[in-house]
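Have a look at the structure below before the remarks.
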Amino acid sequence: MKKKFDFSTEMAEAESVKANSKNEYLEEEKRLLDINAQELVKLNDNVFKLKTEVENLSGSTRECKPIISKEMQKLAVEFGARLLCDFLSQIESKCKEAERRMKKSGNAINIPVTAFYITIIILVALSSFFVSMIVANTEIIHSSLIWKAVAVCGLIAISGTVMAIVVPKILDKWT
2 MKKKFDFSTE MAEAESVKAN SKNEYLEEEK RLLDINAQEL VKLNDNVFKL KTEVENLSGS
62 TRECKPIISK EMQKLAVEFG ARLLCDFLSQ IESKCKEAER RMKKSGNAIN IPVTAFYITI
122 IILVALSSFF VSMIVANTEI IHSSLIWKAV AVCGLIAISG TVMAIVVPKI LDKWT
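Residues in the sequence shown are numbered consecutively from 2, following my numbering.
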């Protein structure tokens, strides 16, 4: 009662389908590989062409020299000469103006107000430093050396001031 069922035909069909699908897969893969190889060859050709074009371009830029016509060179020289003449005339006018102001002021030297105040501040600072050094060195203050130094500094300052006042007056009498 038991009948044996023969699976051989189904097995053969299954194997043929299995082999066929594998063959189709391999054929599809081979076709795609061929397409990829062709595209890669095209890409390689394009890269080679681009490389040669870039090399040719870089070679041509080294050989490129600007060409300026004689007329443009002449115009550029004239323009530069005119600029230099204008600049020179401005310098001369400024020098003449400075000479005129110097003659007008006579023997006086004009000092800006800021420079005058800075000088006074520096003198006050130096004199206060000198006084503080004297006060700080109480041991030396009793020695005769410090007093001799103060006297010499005072004499130099007084003689310099007197010379600054008297010498111009003497020179004015002789001239």
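Where is the CB? At the ideal position from N, CA and C, for every residue including glycine.
Check                                                                            : Outcome
Thr162 - containing alpha helix (DSSP H), residue span                           : 145 to 175
Unbroken alpha helix (DSSP H) run spanning Ile92, endpoints                      : 71 to 106
7 Å CB neighbourhood of Arg83 in its chain, flanking five on each side removed   : none
Presumed contact (8 Å Cβ cut-off) between Ile123 and Ile135, rounded CB distance : So it is not a contact: roughly 19 Å between Cβ atoms.
Cutoff 9 Å: Ile36 Cβ touching any chain B Cβ                                     : No chain B appears in the structure shown, which is made up of a single protein chain.
Asn111 (DSSP reduced to helix, strand or coil)                                   : coil
CB contact flag (Ala77, Ile69, <9 Å)                                             : yes
Alpha-carbon to alpha-carbon, Asn57 and Lys31                                    : 39 Å
Three-way DSSP call (helix, strand, coil) for Ile68 in this model                : coil
Proximity to Gly155 [Cα-Cα], best of Phe131, Trp175, Leu172                      : Phe131
Alpha-carbon spacing of Gly161 relative to Lys97, whole angstroms                : 34 Å
Backbone CA spacing between Val153 and Arg101 [nearest angstrom]                 : 42 Å
Asp173 versus Ser59, Gly107, Ser90, residue with shortest Cα-Cα distance         : Gly107
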